[in-house]
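Presented below is the structure to which this report refers.
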Amino acid sequence: MTISKRLEEARKAYAKGDLQGSALAHEQQAIARAAAEKHGGASSQYLGDMVYGGLDGIITTFAVVSGVAGANLGSNIILILGLANLFADGFSMATGAYLSSKSDQEYYQREREREAWEVEHFPDGERTELYELYLEQGYPEEDAKKLIEIKTRNNELWIDAMMVEELGMLKDERKPMLSALATLVSFVVA
């Protein structure tokens, strides 16, 4: 059962007041299986690109075609200009999506390398930073200390924690070329 399916089952059980159904949805093995599965699919990763490209495609192409039609030009000219706009803007949007995604990933990687360097060279300072962040989030001192003890056992997990807790950054798993393609296709098809 996927985590979204498990969540759906938990919501249904709650709505019905079904304690047994809720217990099944919260059964530890079901949660562990759901957590191990990949969330969403390829399309959900690129949904923002598709919406952005689709809306922009509808609006800009409509604006160009309306403007040209208002100039009382022939239908062949309107069609040619509409298609030229469609592909030129689509390519432009796709290029922007590619560069944006690639830049985000490069920035994340630079920040991760900096955090790794800090963990290696200033581990006590990084522990203190994480401890203060947990206190700011409302954890009691003892719980914050336990979290630090657990999260700093493995440097990769520690760096992951610093990326999220300190910098508020999650790794973007999207492929820049697929982001560009999703934007282009949505722009042209919409």
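According to my numbering, the residues represented by the sequence shown are 185 to 374, in order. We treat Cβ as the ideally placed atom computed from N, Cα and C, and that holds for glycine.
Residue 308, enclosing alpha helix (DSSP H) - first and last residue:
307-320
Between which two residues does the alpha helix (DSSP H) holding residue 353 run?
Neither: residue 353 is in no alpha helix (DSSP H) and is coded neither H nor E.
Less than 8 Å between the C-beta atoms of residue 311 and residue 343, yes or no?
no
Rounded Cβ spacing between residue 282 and residue 356 (contact assumed at less than 8 Å)
At roughly 13 Å, the Cβ-Cβ gap does not stay under 8 Å, so residue 282 and residue 356 are not in contact.
Let's test the definition: count the other Cβ atoms within 10 Å of the Cβ of residue 308 and tell me whether it reaches 16, buried, or not, exposed.
exposed
Please report the straight-line C-alpha distance between residue 330 and residue 201, rounded to a whole angstrom.
36 Å
Can you tell me the Cα-Cα spacing of residue 239 and residue 264, whole angstroms?
21 Å
For residue 358, count neighbouring C-beta atoms within 10 Å of its own C-beta (all shown protein chains included) and say buried if the count is 16 or more, exposed if not.
buried
Would residue 304 pass as a contact of residue 350 if the rule is Cβ separation under 8 Å?
no
Closer than 7 Å by C-beta to residue 345: which residues in its own chain qualify, once you throw out the five before and the five after it? Chain order, please.
314 and 335
To test your reading of the DSSP string, which unbroken beta strand (DSSP E) runs of 3 or more residues are found completely within the segment 261-312?
none
Beta-carbon separation (whole angstroms), residue 262 vs residue 253, contact threshold 8 Å
6 Å
Tell whether a beta-carbon distance below 8 Å holds between residue 244 and residue 266.
no
Whole-angstrom distance between residue 352 and residue 302, CA atom to CA atom:
17 Å
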